[in-house]
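Enquirer:
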Amino acid sequence: MFNHLAAEAERLKTVSLQQLMQQDRQRAQDFALRVGPLYANFARQHYDRKALDTLFKLADKAGLGEAMQRLVDGEKVNISEHRAALHTALRGDISAAQAAQAAHREAQVALARMQALVESIHADERITDVVSIGIGGSDLGPRMVVDALQQTHARLRVHFVSNIDAVAITRVLAGLRPENTIGIVISKSFGTQETLLNGRILRNWLNDDERLYAVSANPVRAADEFGIAPASILPMWDWVGGRYSLWSAVGFPVALALGMPAFLELLKGASAFDTHALSAPVTKNLAMRHALTAVWNRQAMGATTQAVMPYDQRLALMPAYLQQLTMESLGKCVRCDGRPVEVNTSPVWWGGVGSDCQHSFFQALHQGSEIVPCDFIGVVCPGHSFDKNHQLLLSNLLAQSQALANGKACADPHRAYPGGRPSTLLLLDRLDAFALGHLLALYEHSVYLQAVLWGINAFDQFGVELGKQVATALLPALRGESPAEDAVTAALIAQIQEIDS
Ligand code: F6P
4 MFNHLAAEAE
14 RLKTVSLQQL
24 MQQDRQRAQD
34 FALRVGPLYA
44 NFARQHYDRK
54 ALDTLFKLAD
64 KAGLGEAMQR
74 LVDGEKVNIS
84 EHRAALHTAL
94 RGDISAAQAA
104 QAAHREAQVA
114 LARMQALVES
124 IHADERITDV
134 VSIGIGGSDL
144 GPRMVVDALQ
154 QTHARLRVHF
164 VSNIDAVAIT
174 RVLAGLRPEN
184 TIGIVISKSF
194 GTQETLLNGR
204 ILRNWLNDDE
214 RLYAVSANPV
224 RAADEFGIAP
234 ASILPMWDWV
244 GGRYSLWSAV
254 GFPVALALGM
264 PAFLELLKGA
274 SAFDTHALSA
284 PVTKNLAMRH
294 ALTAVWNRQA
304 MGATTQAVMP
314 YDQRLALMPA
324 YLQQLTMESL
334 GKCVRCDGRP
344 VEVNTSPVWW
354 GGVGSDCQHS
364 FFQALHQGSE
374 IVPCDFIGVV
384 CPGHSFDKNH
394 QLLLSNLLAQ
404 SQALANGKAC
414 ADPHRAYPGG
424 RPSTLLLLDR
434 LDAFALGHLL
444 ALYEHSVYLQ
454 AVLWGINAFD
464 QFGVELGKQV
474 ATALLPALRG
484 ESPAEDAVTA
494 ALIAQIQEID
504 S
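Below, the structure is given as structure tokens:
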């Protein structure tokens, strides 16, 4: 399926990105798409109209349009676990299919329950702080959205704890008083060791089960293990993947931090993008363009990593959030049918917030031996009133993408910039809940569509299980109760025990 792409890449090997831009100046306009408050410009990608056409044909051949429909209709797109992935039903009534309708109805009931809880907690003047315990998809999304949109004088301060390293929870609890705090334990499975351990610490510290809430697809375990009252447990479902679950009650901390209207705006923004991704033709479809560009860079241009740089402090946690979304979804080496994938799948996703990262890893982006495609994310209207800071931030954002693409010749090789380094520029009109919903839905759909193009399952994550099992099995050896079977691990445990004794 990728033969035509390889031919296009071969043709473009001798045409630099700088040449492509000079030969076709109209691409600055024509390679841009807008969906509501989200504008995207792909003019600095190393492809031309002919290569793009080949990508559009690939999209048709892979059936991206049909794949989007299957997703929102609630077909079992998570093949290995025989599950639907109905995150779109959490945020809108987008499909008439029976499974999607049923999911949407359940989601609405859960939202109403969540709203009632948010209102009663907001109304309780004693409560000033919320501690949310969860990890991975039960942490990264809500943490990032709260950090992005929180107001300086919000009604409640929301703190997140994920790491099993108890330094995290110790630091958070040190600044709080149990009588003014509520706790939320978020875990789809309610079987995640980090969350259960931290949850128990929180529960003991609170010393009042009435101020403990849970979000889980396993309410029985939440009630049994933590004694949480059924009325304080919000549901999740097996048809929502952890890293796609922000839109469910996993967003409870978001609603507490920002208020329910803002959370509903987030859902509305994402759902508006869903409608676009589902209905726009491939040539105008931003989710498809983003996915095709990712596959082009990985497959045709051989990029091994992909960087993402939000130029807005409020989006500083986006790279961590996107790492889980992309790499847990796309880091697969077998196809949906179990056969090996014969192409390269997920690149390593990494990044940092601009302009900070310009002073750390940008050297390698400009002059390193490896070409790293970049997603730059900017916000037109600032979140503050310091105009000079914002202008400088935006000029840096624009400058980096321009300099990476154009480079600069110099007789001294140390001072020469090769250029030809591709990037996509994503610009939000402003950073509000509606716009952020668009941006996150774009990445979710792009990831799913990349998986469709590669023939892999975006919704399972068996790769993370083995390490968890080994960690549990090693506990007796670490406690000195039994020997470790693996020679290297045994030597390491001996070292630990020697220092620890
Ligand atoms: O790390 C694997 C994983 O299963 C993620 O996919 C998930 O988001 C996270 O653990 C947390 O899982 P849970 O919500 O079940 O605690």
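With the sequence shown counted from 1, adding 3 to any position gets you my numbering.
Even glycine gets a Cβ: it sits at the ideal position worked out from N, Cα and C.
So, using beta-carbon positions, are Q21 and A408 closer together than 9 Å?
Expert: The answer is yes: Cβ separation under 9 Å.
Enquirer: For the alpha helix (DSSP H) holding H90, just list the boundary residues, first then last.
Expert: Taken as a continuous stretch (DSSP letters only), the alpha helix (DSSP H) holding H90 covers H90 to R94.
Enquirer: What residue range does the beta strand (DSSP E) around Q309 cover?
Expert: It spans T308 to Y314 - the beta strand (DSSP E) in which Q309 sits, taken as one unbroken run.
Enquirer: Measuring straight from C-alpha to C-alpha, what distance separates A487 and P479?
Expert: Their Cα atoms are separated by approximately 8 Å.
Enquirer: Specify, as a first and last residue, the run of the beta strand (DSSP E) that F379 falls within.
Expert: It spans C377 to V382 - the beta strand (DSSP E) in which F379 sits, taken as one unbroken run.
Enquirer: Suppose the cutoff is 7 Å on Cβ atoms and the five residues either side in sequence are ignored; what does the same chain contact list for V450 look like?
Expert: Counting only Cβ-Cβ distances below 7 Å, and skipping sequence neighbours, we find L328, T329, S332, L333 and A461.
Enquirer: A35 lies in the beta strand (DSSP E); which residues open and close that run?
Expert: Here the beta strand (DSSP E) through A35 covers A35 to V38.
Enquirer: Bridge partners of K411, per DSSP?
Expert: Note: K411 sits in a beta bridge opposite Y420.
Enquirer: Please say whether A273 and W250 have beta carbons closer to each other than 9 Å?
Expert: Cβ distance < 9 Å, so W250 and A273 count as in contact.
Enquirer: Is the Cβ-Cβ distance between L259 and I124 less than 9 Å?
Expert: For L259 and I124, yes; Cβs fall inside 9 Å.
Enquirer: Quick check on the burial criterion: 16 or more other C-beta atoms within 10 angstroms. Buried or exposed for L55?
Expert: Counting Cβ neighbours within 10 Å, L55 comes out buried, since at least 16 surround it.
Enquirer: Examine the ligand F6P and report whether any of its heavy atoms sits within less than 8 Å of the Cβ of G244.
Expert: G244: yes, Cβ under 8 Å from the ligand F6P.
Enquirer: At what residue ranges does the segment 154–192 contain a whole run of the beta strand (DSSP E), taking only runs of 3 or more?
Expert: The qualifying runs are 160–164 and 184–189.
Enquirer: Note down, one range per segment and in chain order, each beta strand (DSSP E) of at least 3 residues found wholly within the segment 216–266.
Expert: The segment 216–266 contains these whole beta strand (DSSP E) runs: 236–238.
Enquirer: By the 10 Å Cβ neighbour count, where 16 or more other Cβ atoms means buried, how is T198 classified, buried or exposed?
Expert: Buried, by the Cβ-count rule.
Enquirer: Flag this pair as yes or no: are the beta carbons of V375 and Q309 separated by less than 9 Å?
Expert: Result yes, Cβ atoms of V375 and Q309 sit closer than 9 Å.
Enquirer: Between which two residues does the beta strand (DSSP E) harbouring Y50 extend?
Expert: It is not in any beta strand (DSSP E) - Y50 carries neither H nor E in the DSSP assignment.
Enquirer: For the alpha helix (DSSP H) that contains V149, what are its first and last residues?
Expert: That run of the alpha helix (DSSP H) goes L143 to L152.
Enquirer: Under a Cβ-count criterion, where at least 16 other Cβ atoms within 10 Å of its own Cβ denotes burial, should A444 be classed as buried or exposed?
Expert: So A444 ends up on the buried side.
Enquirer: Which term fits K191, buried or exposed, when burial requires 16 or more other beta carbons within 10 angstroms of its beta carbon?
Expert: With 16 or more Cβ atoms within 10 Å of its Cβ, K191 is classed as buried.
Enquirer: Sort out for me which residues DSSP pairs W352 with in a bridge.
Expert: BP columns for W352 point to Q309.
Enquirer: Which one of T195, I231 and L456 has the shortest CA to CA distance from N207?
Expert: Nearest of T195, I231 and L456 to N207, Cα basis: I231.
Enquirer: State the DSSP-derived secondary structure class of V80, mapped to helix, strand or coil.
Expert: V80 falls in the coil class under three-state DSSP.
Enquirer: With a threshold of 8 Å (Cβ to nearest heavy atom), would K60 be considered close to the ligand F6P?
Expert: The answer is no for K60.
Enquirer: Say the cut is 8 Å; is the CB of T329 nearer than that to a heavy atom of the ligand F6P?
Expert: Because no heavy atom of the ligand F6P lies under 8 Å away, the Cβ of T329 does not count as near it: no.
Enquirer: Using a threshold of 8 Å, is the CB atom of I138 nearer than that to any non-hydrogen atom of the ligand F6P?
Expert: I138 Cβ: within cutoff of the ligand F6P.
Enquirer: Taking the alpha-carbon positions, what's the Q394 to H387 distance?
Expert: Between Q394 and H387, the C-alpha separation is close to 12 Å.
Enquirer: Alpha carbon to alpha carbon, how far is T112 from D390?
Expert: One point to set straight first is that residue 112 is Val, not Thr, in the sequence displayed. One C-alpha to the other measures close to 44 Å.
Enquirer: Please confirm whether any heavy atom of the ligand F6P lies closer than 8 Å to the CB of S426.
Expert: No; taking the cut-off as 8 Å, the Cβ of S426 has no heavy atom of the ligand F6P nearer than that.
Enquirer: Please identify the residue among L270, R30 and K60 whose C-alpha is closest to the C-alpha of Q48.
Expert: Ranking L270, R30 and K60 by Cα distance to Q48 puts R30 first.
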